[in-house]
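Numbering (our numbering), first residue to last: 1 to 588.
As C-alpha cells, the structure follows; a few thoughts come after it.
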Amino acid sequence: MNMNIFNHFQNIIIEIIKETFPDVDLDKSLLERITAESPRDPAHGDMATNASMILTKPLKTKPRDIAEKLVKKLNEVDDIQSAEIAGPGFINLRLSLSFWHRTLDIILDSGLKWGASDLGKGEKVNVEYVSANPTGPLHVAHGRGAVIGDVLANILTKVGYDVTKEYYVNDAGGQIDVLAKTLFLRYKEVATGEKVEIPEGLYPGEYMIDVAKKLHEQQGDSLLNKSEEEYMPILREFGIDSMLDLIKSDLALAGIKHDVFTSERSIVGRNLVEKALLDLENQGLIYEGVLEPPKGKKLDDWEARPQTLFKSTEYGDDVDRAVKKSDGTWTYFAPDIAYHYDKYNRGFKHIIDILGADHGGYVKRIKAVVTALSKDQAHCDVRLCQMVKLLKGGEIYKMSKRSGNFITLEHVINQVGTGAFRFMMLSRKSDAMLDFDIDKVIEQSKDNPVFYVQYSHARCHSVLSLASEQGIASESLLSGSDLSLLTAESELALIKKLSELPRILEQAGISRETQRIHYYVVELASVFHSLWNTGSSDSKLRFIIDGEPELTKARLSLVLATKNVLKSSLDVMGVKAINELKSNTILE
RNA sequence: GCACCCAUAGCUCAGCUGGAUAGAGCAACUGCCUUCUAAGCAGUAGGUCACAAGUUCGAAUCUUGUUGGGUGUACCA
C-alpha cells in the first residue's frame, strides 16, 4: 500500500475507471486531475473524489450517470465500507474500520519514519539559504530565511530527495574591503587606546571591537606600521574568517548546519566566471550595449555608458543585466552566474534559492541564467522571504544593519529559545510578512501555538510513562495490541489525522511551502487534546482502564503513535519535542 | 512609470495548486476540574473572501483590469 492513503485511493479509483470505460482513451493529464481528498465536512465521509465531474466531457455523459457506474464497483473494494453520490456528482467514500486499524498499525511500525516517501526518487536538490554577507552577525530577518530554507530542505529530504544544504559566502566583493577598513580602525583603537570615530559607510557595529581585539592578540602592533597595501589582505582574511565563525555560531544557535559553504573567491579563483560567461557568449547571450535610464527614480549621476550585458530579457527579465562594471571588473551578478553554473555542473537539476524580499528584483535574472546555462535541463526555484516585523509588547523594533544597533538573531533566540523561534518563523507562508512579538512567543499561554503543541506531546509522554510505571504497558508490550478495539469517533478522528502526514509533507515539498507542517502539527495537537478531554466527560473513554488490559494497550498504542508523529513532525521543523513542561522554562 | 508580493470574521491568520454550507486561534458570551497535566475541551455569536468583469459543470483559489499596502528598480552586494 502507498503510504500516502490519498494517492492509494486515487490509484484505486483510476483503475476502476479504466475497467469501467475500457473503450475510452483517457489521457494522463486528465487522470491526474482526478483527486481523492478528505472532504471539508466529515459528514461526507473519509474520502471524496471528483472523478465523475472530470469525466463528464470526455465521456459525454452526465456526472451522476458516471458516478452510478463507479459507485457500484467502488462498493466492491474491501477497504471501502460505502460509496455514495452526493452534490453535483461527488463520490463520497467511507472507509472501513479495518482499513483505519491497519493504517494505524503501519504508522506504529514506521515509528519516526512515518511520513517519509520516495516522491523525490533520490534526485539531487540544492537548497541555498541564508548566504548573508560575512560582514556581521545575523539579524532576525536572516533568521526567517534561515529557518524556512532549513525546514524546506528537511521536508525534501523526508520525501525522498537527495538534498544539499548550501551557503554562498560573498567574500570577494567591495563589502569585504569595507569590512577590512572598519577592522583596521577598530584595531587601531584597540592598539593605541584612542577612541575612533567610524565614518559613514563603514560598519559601526560594536561586534567589530571583539574581532579587533583578537586580531591585536594575534598580530600585536605590527599592522600599525604597515602600508594599506600590506595590511588589507591580512585584514580581509581575518575579517572573513571571524565573521564566518560568528555567523556559524548564530546558525548553530538556530539549529542550522549547512552541508556546503561555497566561497565566491573560490568560484572566481577557479576561473568559473570566465567559463560560465563563455558558455553564455557561445549562445549569443552576451553583448556590449547601453542600458536605458530607469524610469520613475531620479538618478542625478546617470550617464549612458557601454557595458557587457547578459541578454536576460530572452528569458523574461525586464531589462538585460550588466555583468561588468564600467571599469571592466565583474559585477556581483557575474560570480553568481558562475556559482549557479557550478551548482548545475555538480549535478543539481533542482536548484532552490531562499532570498530576502529585498532581492526580489534579482529573481528573474538568476532564473534566466540557470535556464540558459543548463539549456533548460535544470530548474531554479527562488523563494522570497518577506520581512519580519519584530515587536516587543506591541512596540516596533527597527532593524537597520547600517546603524549598527540592529537586533541580532542571537539576541532574540536567547530570549525565546530555538524551538519557539523556529516554530514561529514557520507560522506564515514565506510570501507574506510576519509579525514576531518577542513577548508573545515567551508567553506561556494558549495564545502561543508552540506551547499548545508541546503540551500535547507532554501529555502523550505523561500517559505513557504513567502506564509504564504502573506496569500496565511499556512501549515494548504494546506491539501486537488489538487495534480493532479502537472504535470511538474521537479515536478514529485521531487515526485519520495521523494518516495525513505523508500527504502533508509531499505537498509541502512540491509547493515548497513550509508553513503546512506548522499548521498540520497544530491540528494534530488539537485532535489529540480533544480526544484527551473525552476522557474527562466519560471515564470509559480514558486511556488507562482498570480491568481492561487489551483496551488499555490499544489506546496506549494510539497515544504512542501520536507521540511519534508529533515528534517526527517537530523534527522536520527542527523543534525539539518536550516531555515535561515546566513553568518559566524557555523551550530549547 | 515598471516588476514581484500581499489583501479572507473586530484582531492574528489557515484554506490541502479549481470542489460541496469558506475554517482555526485571540477577544465576547455559555458550559466542563473529588479526573491520566483545565497550559486543555465542548458550545454560541461573528463574512459582500478589497472591488469589477471574464474563463467553466463549479472560483477565496486561475485571467484581465481597478483600489489600497509592502519590496525592488543601471555601473552595491
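For glycine and all other residues, C-beta sits at the position ideal for the given N, C-alpha and C.
Remember, predicted model here, so these are calculated numbers, not experimental data.
- Leaving aside the five residues that flank S96 on each side, the residues in its chain whose CB is nearer than 8 Å to its CB run, in chain order, D78, D79, I80, Q81.
- The criterion of a C-beta distance shorter than 8 Å is satisfied by E128 and E166.
- Per the DSSP secondary-structure output, I80 pairs in a beta bridge with L95.
- For N50, the closest alpha carbon among the candidates P39, A43, C385 is that of P39.
- If you compare the alpha carbons of I91, D46, M47, W330 with that of I66, the shortest gap goes to I91.
- Your pair I107 and A561 checks out as a contact, with CB atoms roughly 5 Å apart and the cut at 8 Å.
- For a cut-off of 8 Å, the C-beta gap from E264 to P335 is around 5 Å, short enough to register as a contact.
- Beta-bridge partners of T164 (DSSP): N126.
- Leaving aside the five residues that flank T408 on each side, the residues in its chain whose CB is nearer than 6 Å to its CB run, in chain order, P137, H139.
- The Cβ atoms of V463 and I438 do not sit closer than 8 Å to each other.
- Going by beta carbons, Y341 and L272 fall inside the 8 Å limit.
- Your pair R512 and D381 checks out as a contact, with CB atoms roughly 6 Å apart and the cut at 8 Å.
- Between the stretch 237-252 and the stretch 206-216 there are three or more C-beta pairs closer than 8 Å, enough to call the two in contact.
- Counting the other CB atoms within 10 Å of its CB gives A467 a total of 16 or more, which places it among the buried residues.
- Judged by beta-carbon spacing, I34 lies within the 8 Å limit of I13, meaning their Cβ atoms are closer than that value.
- Remark: C-beta atoms of H142 and V130 approach each other more closely than 8 Å.
- Under the DSSP assignment, P306 falls in the beta strand (DSSP E) whose first and last residues are 306-310.
- The DSSP assignment places complete alpha helix (DSSP H) segments of no fewer than 4 residues inside the stretch 206-277 at 207-219, 228-253, 264-269, in order along the chain.
- Rounded to whole angstroms, the Cβ separation of V441 and V521 is 16 Å, and the two are not in contact under 8 Å.
- G115 is the residue among E76, G115, T61 whose C-alpha sits nearest the C-alpha of F6.
- Runs of beta strand (DSSP E) with 3 or more residues, each lying fully within the stretch 342-401, are found at 350-356, 379-385, 388-392, listed in chain order.
- Between L291 and V319, the C-beta spacing is below 8 Å.
- The beta-carbon distance between V388 and L434, rounded to whole angstroms, is 5 Å. This is short enough to meet the 8 Å contact definition.
- Counting C-beta pairs with one atom in each stretch, the stretch 338-354 and the stretch 371-380 have three or more that are closer than 8 Å, which means they touch.
- Counted as a single uninterrupted DSSP element, the stretch harbouring A132 is not any alpha helix (DSSP H), since DSSP gives it neither H nor E.
- According to the DSSP assignment, D437 belongs to no alpha helix (DSSP H) but to the beta strand (DSSP E) extending over 434-437.
- The residues I176, A180, in chain order, have a CB closer than 6 Å to that of R236 in the same chain once the five nearest residues on each side in sequence are set aside.
- One alpha carbon belongs to I354, the other to T331, and they sit about 21 Å apart.
- Straight through space, the alpha carbons of I54 and Q507 are spaced by roughly 22 Å.
- If you ignore the 5 residues before and after V416, its C-beta comes within less than 7 Å of the C-beta of I438, V441, I442, I586, all in its own chain and listed in chain order.
- For R64, the three-state secondary structure derived from DSSP is helix.
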